[in-house]
Amino acid sequence: MKIIEDILKQAKNYDCHIIYNSYTNNLTRFGDNEISQNVSTADTSANIRISDGKRCVKFIMSKFDSKSIKQSFDKAKEKLKFAKADPNLPFTTRTSVTFKSEKYFDKELASLTPKDRAARISEFLNRCKKTSRRAYGIINNSENLMIVANSSGLLQSFRSTQIDYELTVSKNGFYGKAAASSYKDDINYDLINERALKKSDMAQKPVDIKPGKYTVIIEPLGVAAFFPFFGYMGFNALAYYENRSFANGNIGKKIFSDKLTVIEDPYNFPLPVMPFDFEGYPREKISLVENGVLKNLVTDKKTSRLCNMRYTGHSVFEPNPAGAFPVAMIIEAGKRTLDDMIKDTERGVLVTEFHYTNPLKPKTLEITGMTRNGTYLIEDGKIKKAVKNLRFTQNMVEAMNNIEEIGNDSEAYSDYGMGVCSGSLKIKDFNFTSTTDF
Amino acid sequence: MKSILKKAIEIMNFKKVDFGDIRIIAERNQNINVKNYDITDMRDDETLGFGIRVLYNGGWGFASSNIMNLKELEKMVLLAIDIAKASSTMRNSKVKLSYEPSYKDIWKTPVLIDPFSIGLDAKISLLLKINETLLNNKIVRIANSKMSFVKTNKYYSSTDGSDIEQIFYYTGAGYSATSINEMEVHTRSYPGAHAFMLSMGWEYIESLKLLENAERTREEAVALLSAPNCPSDERDLIIYGDQLALQIHESAGHASELDRVLGYEESYAGSSFLTTEKLNKFRYGSEIVNLVADTTLPGGLATCGYDDDGVRAQRWHIVKNGILSGYMTNREFAHTIGDERSRGANRADSYRSIPIIRITNLSLMPGNWEYEDIIRSTKKGIIMENNKSWSIDQKRLNFQFGCEIGWLVENGKITKMVKNPVYQGITPKFWGSCDAIANEKYWKLYGVSNCGKGQPTQLFRMSHASSPARFKKVKVFSR
Numbered sequence: 002m003k004i005i006e007d008i009l010k011q012a013k014n015y016d017c018h019i020i021y022n023s024y025t026n027n028l029t030r031f032g033d034n035e036i037s038q039n040v041s042t043a044d045t046s047a048n049i050r051i052s053d054g055k056r057c058v059k060f061i062m063s064k065f066d067s068k069s070i071k072q073s074f075d076k077a078k079e080k081l082k083f084a085k086a087d088p089n090l091p092f093t094t095r096t097s098v099t100f101k102s103e104k105y106f107d108k109e110l111a112s113l114t115p116k117d118r119a120a121r122i123s124e125f126l127n128r129c130k131k132t133s134r135r136a137y138g139i140i141n142n143s144e145n146l147m148i149v150a151n152s153s154g155l156l157q158s159f160r161s162t163q164i165d166y167e168l169t170v171s172k173n174g175f176y177g178k179a180a181a182s183s184y185k186d187d188i189n190y191d192l193i194n195e196r197a198l199k200k201s202d203m204a205q206k207p208v209d210i211k212p213g214k215y216t217v218i219i220e221p222l223g224v225a226a227f228f229p230f231f232g233y234m235g236f237n238a239l240a241y242y243e244n245r246s247f248a249n250g251n252i253g254k255k256i257f258s259d260k261l262t263v264i265e266d267p268y269n270f271p272l273p274v275m276p277f278d279f280e281g282y283p284r285e286k287i288s289l290v291e292n293g294v295l296k297n298l299v300t301d302k303k304t305s306r307l308c309n310m311r312y313t314g315h316s317v318f319e320p321n322p323a324g325a326f327p328v329a330m331i332i333e334a335g336k337r338t339l340d341d342m343i344k345d346t347e348r349g350v351l352v353t354e355f356h357y358t359n360p361l362k363p364k365t366l367e368i369t370g371m372t373r374n375g376t377y378l379i380e381d382g383k384i385k386k387a388v389k390n391l392r393f394t395q396n397m398v399e400a401m402n403n404i405e406e407i408g409n410d411s412e413a414y415s416d417y418g419m420g421v422c423s424g425s426l427k428i429k430d431f432n433f434t435s436t437t438d439f
Numbered sequence: 487m488k489s490i491l492k493k494a495i496e497i498m499n500f501k502k503v504d505f506g507d508i509r510i511i512a513e514r515n516q517n518i519n520v521k522n523y524d525i526t527d528m529r530d531d532e533t534l535g536f537g538i539r540v541l542y543n544g545g546w547g548f549a550s551s552n553i554m555n556l557k558e559l560e561k562m563v564l565l566a567i568d569i570a571k572a573s574s575t576m577r578n579s580k581v582k583l584s585y586e587p588s589y590k591d592i593w594k595t596p597v598l599i600d601p602f603s604i605g606l607d608a609k610i611s612l613l614l615k616i617n618e619t620l621l622n623n624k625i626v627r628i629a630n631s632k633m634s635f636v637k638t639n640k641y642y643s644s645t646d647g648s649d650i651e652q653i654f655y656y657t658g659a660g661y662s663a664t665s666i667n668e669m670e671v672h673t674r675s676y677p678g679a680h681a682f683m684l685s686m687g688w689e690y691i692e693s694l695k696l697l698e699n700a701e702r703t704r705e706e707a708v709a710l711l712s713a714p715n716c717p718s719d720e721r722d723l724i725i726y727g728d729q730l731a732l733q734i735h736e737s738a739g740h741a742s743e744l745d746r747v748l749g750y751e752e753s754y755a756g757s758s759f760l761t762t763e764k765l766n767k768f769r770y771g772s773e774i775v776n777l778v779a780d781t782t783l784p785g786g787l788a789t790c791g792y793d794d795d796g797v798r799a800q801r802w803h804i805v806k807n808g809i810l811s812g813y814m815t816n817r818e819f820a821h822t823i824g825d826e827r828s829r830g831a832n833r834a835d836s837y838r839s840i841p842i843i844r845i846t847n848l849s850l851m852p853g854n855w856e857y858e859d860i861i862r863s864t865k866k867g868i869i870m871e872n873n874k875s876w877s878i879d880q881k882r883l884n885f886q887f888g889c890e891i892g893w894l895v896e897n898g899k900i901t902k903m904v905k906n907p908v909y910q911g912i913t914p915k916f917w918g919s920c921d922a923i924a925n926e927k928y929w930k931l932y933g934v935s936n937c938g939k940g941q942p943t944q945l946f947r948m949s950h951a952s953s954p955a956r957f958k959k960v961k962v963f964s965r
């Protein structure tokens, strides 16, 4: 690619690493049964690192004419003088691999127009209008090209598409939500629409229940709202090195329910995952948790050295202060349906989604958040009524040890570069600490 | 630049759009981060791009690009019109914008010392010295110090006839010390957990007295490991600074964004309990609670000449003597509360984003208490400082905040430090329990630099000023 060649030409006498990104993002947003926002963004940039073998600097370029490239490099070379020598250099992957991945690219999805997006939702919005319901949500299609290249001849590219459909339906001010994502134009809109409708119908006339410990069944959307913290704060080798992870002292030990198996699997995740990391190293499939035993963490180049662990291909453009994160966590599905799990529950709470989750304590992953968009009381194996939303404050390591069952209803969600694929989780003694007014 | 602005308006007028505008934004961002003596970030990047917003047949369209030529401009204007046409097929009614005069103006953040005129070596040297002080106790395992400087040149033209150029400066510095043992992790930060930036020049860095506060920050981080846990009971809560700023932000700021109130954020950030029939009637807080939105506030991160609707900066009450008195509005929604003009709270975080209603600078106005008298008159209380965790429900009612540190107040005296303090409440009950606010001597501005809203998510900046305030009988506990 000419831009990469032009950048590398300017980088002679330096180790140079390039992460080139070009994307378009098209998002139609609807609220109160009408299209409220409708946007298209196209952007191209390159994150670059140059190193003289002892020190390095990083910079971003968004103009790629020869004059702009030269100016950017001149500034970077000047800044290099101020950089501190880094004993962890060199980061640069010294291989001349050429690799191209288009496994997650769908030509039809890439060509979806604003009119197409409107057509996919118009019938349902009209139906909501006629039945005194209100629909809110997004339909978002994006196309992404990522190239990781360096002055040692590495050239890897990843081209992908993704569509996300999120729908919240309100009836009398009580909400239900369903969502789906795919890299192909194959979302079953009717299924999502019916699911959200049913959830809002079931959410009518919610009653108060007392805060306390309950058996909960958390649906996949809810799991996606808290499980990423296990990635950022637990499976991250830097957190382990800094002694701020639940993994400290626990690798090889059974600290979770034997029902829980988590695999970081970039090659079988249902949504787009770049098969190499931002240093161009192939991502590895790794067993993070096996039948409740904490097996492995993910590493970048730096933490693999610091922790004396294998480099797993999870670098985020080094050097960086945040460490390494898993990007495609798959929680092994169980065998039974969500309905079966509900049938076997004497008393419990069914949670559709969590809102505004945030960690309080890193070592135990104590997390707080609110339920949202459909919270129901289960009694004698049936959903009996809707309940007003609840706040949980829960040690999540303990909660993962209290898993009684995992459903076969796996769904994948991805946000801020971290993917989680999980079925519904049935957890005993889940701690709800307060309630709200709706 | 001018030729692109002019051409965009020409095409939009030729295509007979209802309304159209263009923002060209050139931004320079300098970030330096030092962690345990490693320079983990040292960037000085520039971006340039434009965003086109079009209202056509009552529907919105927006397109942006960072390819700066007339061909790309024309492509984006036509794309924005196509998108607007698609939007107009699914409208309950046509979007109509409130009136705003057209302006030809230049506005600039007043700065004494341009932060980009200070050399990189001086900045790095200060951050390394802070790291050294923070790490001068083996219990501290992680020391982080950072500086950020932003200069934004924004050029705005609209089919209404406005041509506005604005230059913004944002300057910030802060640090944290993290102490760790086998069981726990504690972080103390300065000047706040979130608050480290204001809209000023290098003079803000000088005013922070960064080195002077580093030793205290370190020692508090160390002491927290052996401090007792916060008790679990109901007691009077005294908060200020970074934590009170976040309390204002989450429970009053977001709750008063009119797009949320009307339900347009329901699918993501949520809505609000402050529905429009409550305007000028609903008791939001006690009589001493006055919350004022102000985009003219010196140093505020949302301070501007004009918002991204081309509306001139203003000052207005959100809560007056405890009663809900206003909302954050834009030109699209102002009419829904009977306002003829927008309050000017429509902003985008970059050229890539469409403007949406954002919290502006929103401040709790000072009361008439001396801070010492607030402490002296507290029998059973707790002071909490610097936010550690935050969460609030989708209508902004049930909130729970964890703080870095607490100090018990017993019989009018500060007695001991406690760790893991958390408080929880319901918004109007909490603000209704506010019985003391310190006077203007203690009134200080704090910045929030990472407020997320919208889809795709936009991160924006705003400030909240306050004096220390006391809230009666709040549920507190340790987590």
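These protein sequence lines map, in sequence, to chains B and D.
Position one of the first sequence corresponds to residue 2 (the working numbering), numbered consecutively onward.
Position one of the second sequence corresponds to residue 487 (the working numbering), numbered consecutively onward.
Note that the Cβ used here is the ideal one computed from N, Cα and C, for glycine as well.
May I ask you to list, following chain order, the residues of the region 666–689 of chain D that have a beta carbon less than 9 Å from some beta carbon of chain B?
I666, N667, E668, M669, E670, V671
Which residues, in order along the region 355–371 of chain B, keep a beta-carbon less than 8 Å from a beta-carbon of chain D?
H356, Y357, T358, N359, P360, L361, K362, P363, K364, E367, T369, G370, M371
C-alpha gap between D:S877 and D:N906, whole angstroms
In this structure, the CA atom of D:S877 is about 16 Å from the CA atom of D:N906.
Buried or exposed: which applies to B:V58, given that a residue is buried once 16 or more other Cβ atoms fall within 10 Å of its Cβ?
buried
Run through DSSP, which three-state label would B:M2 get?
coil
Secondary structure at D:Q633, three-state DSSP: helix, strand or coil?
Reading off the sequence shown, one finds Met at residue 633 of chain D, where the question assumed Gln. Strand.
Between D:A659 and D:F682, which are expected to be in contact by the criterion C-beta below 8 Å, what is the C-beta distance as a whole number of angstroms?
The Cβ separation is near 6 Å, so the contact holds.
Have a look at B:K344, B:Q163, B:F431 and flag the residue whose alpha-carbon is nearest the alpha-carbon of B:G418.
B:Q163
If you drop the 5 nearest sequence neighbours on each side, which residues of the same chain put their C-beta closer than 6 Å to that of B:S143?
If we look at B:S143 and ignore the five residues flanking it on each side, its Cβ neighbours are N26, Q163.
DSSP three-state call for D:F946: helix, strand or coil?
strand
I need the DSSP call for D:F885, collapsed to helix, strand or coil.
strand
Mind listing the chain D neighbours of B:R121? Cutoff is C-beta to C-beta under 9 Å, in chain order.
Per Cβ cutoff of 9 Å: no residues; B:R121 is ~11 Å from chain D at best.
Beta carbon of D:R829 nearer than 8 Å to that of D:W802:
yes
Among B:D381, B:D33, B:P363, whose alpha-carbon lies nearest the alpha-carbon of B:V398?
B:P363
Per DSSP, what kind of secondary structure is B:M147 in: helix, strand or coil?
strand
Any contact of the region 689–702 of chain D with the region 265–278 of chain B, i.e. 3+ C-beta pairs under 8 Å?
no
Can you give the Cα-Cα distance for B:A387 and B:D191, rounded to whole angstroms?
24 Å
Distance, Cα to Cα, D:T762 vs D:M814?
12 Å
Taking 8 Å as the limit between beta carbons, can you name the residues of its chain near D:D722, skipping five residues before and five after?
T864, K865, K866, G867, I868, V895, R956, F957, K958, K959, V960
According to the Cβ coordinates, are D:S952 and D:L783 closer than 8 Å?
Taking 8 Å as the Cβ cut-off, D:S952 and D:L783 do not qualify as a contacting pair.
Could you tell me which chain B residues have their CB closer than 9 Å to the CB of D:S603, listed as they occur along the chain?
Within 9 Å Cβ-Cβ: nothing; D:S603 doesn't reach chain B, min ~16 Å.
The beta strand (DSSP E) spanning D:W802 covers which residue range?
801–806
For B:T338 and B:A181, what's the separation of their Cα atoms in angstroms?
18 Å
What do you get for B:V208, buried or exposed, if any count of 16 or more other CB atoms within 10 angstroms of its CB means buried?
Classified as exposed, B:V208 has fewer than 16 neighbouring CB atoms from the shown chains inside 10 Å of its CB.
Contiguous beta strand (DSSP E) assignments of at least 3 residues, all confined to the region 390–426 of chain B
List check, beta strand (DSSP E) in window: 391–396, 404–407, 412–416, 419–423.
Note down, in chain order, each residue of its chain lying with its Cβ closer than 6 Å to the Cβ of B:E167, except the 5 sequence neighbours on either side.
G138, I139, A180
D:W917 (DSSP reduced to helix, strand or coil):
helix
Identity of the residues DSSP links to B:D430 by a beta bridge:
In the DSSP output, where bridge partners are listed per residue, B:D430 has none listed.
Short of 7 Å Cβ to Cβ, which residues in the region 576–597 of chain D face chain B?
M576, R577, N578
Short of 9 Å Cβ to Cβ, which residues in the region 58–75 of chain B face chain D?
V58, K59, F60, I61, M62, S63, K64, S73
In chain order, which alpha helix (DSSP H) runs of at least 4 residues are fully inside the region 83–150 of chain B?
108–111, 115–131
Kindly provide the ranges of any beta strand (DSSP E) runs that are 3 or more residues long and lie completely inside the region 212–248 of chain B, ordered along the chain.
213–219
Can you name the residues of chain D whose CB is closer than 8 Å to the CB of B:Y241?
Those do not exist, as B:Y241 stays about 12 Å from chain D at its closest Cβ, beyond 8 Å.
At a Cβ threshold of 8 Å, is B:F228 touching chain E?
No chain E is part of this structure, whose protein chains are labelled B and D.
Contact set between D:L565 and chain B, taken where Cβ atoms lie within less than 7 Å:
S41
CB of D:I650 within 8 Å of CB of D:G506, strictly
no
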